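Residue numbers (full-length UniProt numbering): 1 to 130. What follows is a single structure, written as structure tokens, with notes after it.
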């Protein structure tokens with residue numbers, strides 16, 4: 001519950017934006033800095049900087065957090081650099097399938113294909129080209 005308080009403290013400005021009819025929630029950098037200075041209260045932070053990110057603002061955010069925010073004196077901040085750009089967290093890395101598992105899947109597919117011989121499913125799959 002203690003960890004939820006910083007989130008709850010950030011809700012009043014969002015609520016006021018909704019009351020005032022705001023529909024768009026992309027902020028200008030100046031507005032973001034103002035909101036961080038005024039409302040951000042999370043003392044422990046991990047900032048991720050991507051090496052190929054053309055819109056990265058990690059260093060300016062670190063500066064605001066460390067010298068201008070309400071939690072500056074309590075700040076525990078780390079900055080880590082990773083290869084890629086800001087789209088990287090959205091990408092799914094697919095693990096390599098172990099050969100034994102791939103073999104089992106293939107044998108299972110063959111088994112189901114053999115079971116389907118002469119059934120309506122086989123006829124339908126041949127008709128549809130599956």
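Backbone N, C-alpha and C define an ideal beta-carbon position, used for all residues, glycine too. None of these values were measured; they are calculated from a predicted model.
Item                                                                                                                                                                      : Value
What are the start and end residues of each continuous alpha helix (DSSP H) run of 4 or more residues lying completely inside the region 36 to 111, in chain order?       : 58 to 63
Return the chain-ordered list of same chain residues with a C-beta closer than 8 Å to the C-beta of residue 56, the five sequence neighbours on each side being excluded. : 49, 50, 86
Any chance the region 29 to 43 sits against the region 56 to 67, with 3 or more Cβ pairs inside 8 Å?                                                                      : yes
Is it right to say residue 105 is buried, meaning 16 or more other beta carbons lie within 10 angstroms of its own, or is it exposed?                                     : exposed
Given a threshold of 16 other Cβ atoms within 10 Å of its Cβ, counted over all protein chains shown, does residue 64 qualify as buried or as exposed?                     : buried
For residue 28 and residue 95, I'd like the C-alpha separation in whole angstroms.                                                                                        : 38 Å
Does the distance from the CB of residue 74 to the CB of residue 43 come in under 8 Å?                                                                                    : yes
What is the C-beta distance between residue 47 and residue 16, in whole angstroms, given that I count them as a contact (C-beta under 8 Å)?                               : The pair is not a contact, with the Cβ atoms about 27 Å apart (cut-off 8 Å).
Under a three-way DSSP split, which group does residue 22 fall into?                                                                                                      : coil
Grab me the residues of residue 82's own chain with a C-beta within less than 8 Å of its C-beta, minus the 5 sequence neighbours each way, in chain order.                : 48, 49, 50, 51, 88
State buried or exposed for residue 54, treating a residue as buried only when at least 16 other CB atoms are found within 10 Å of its CB.                                : exposed
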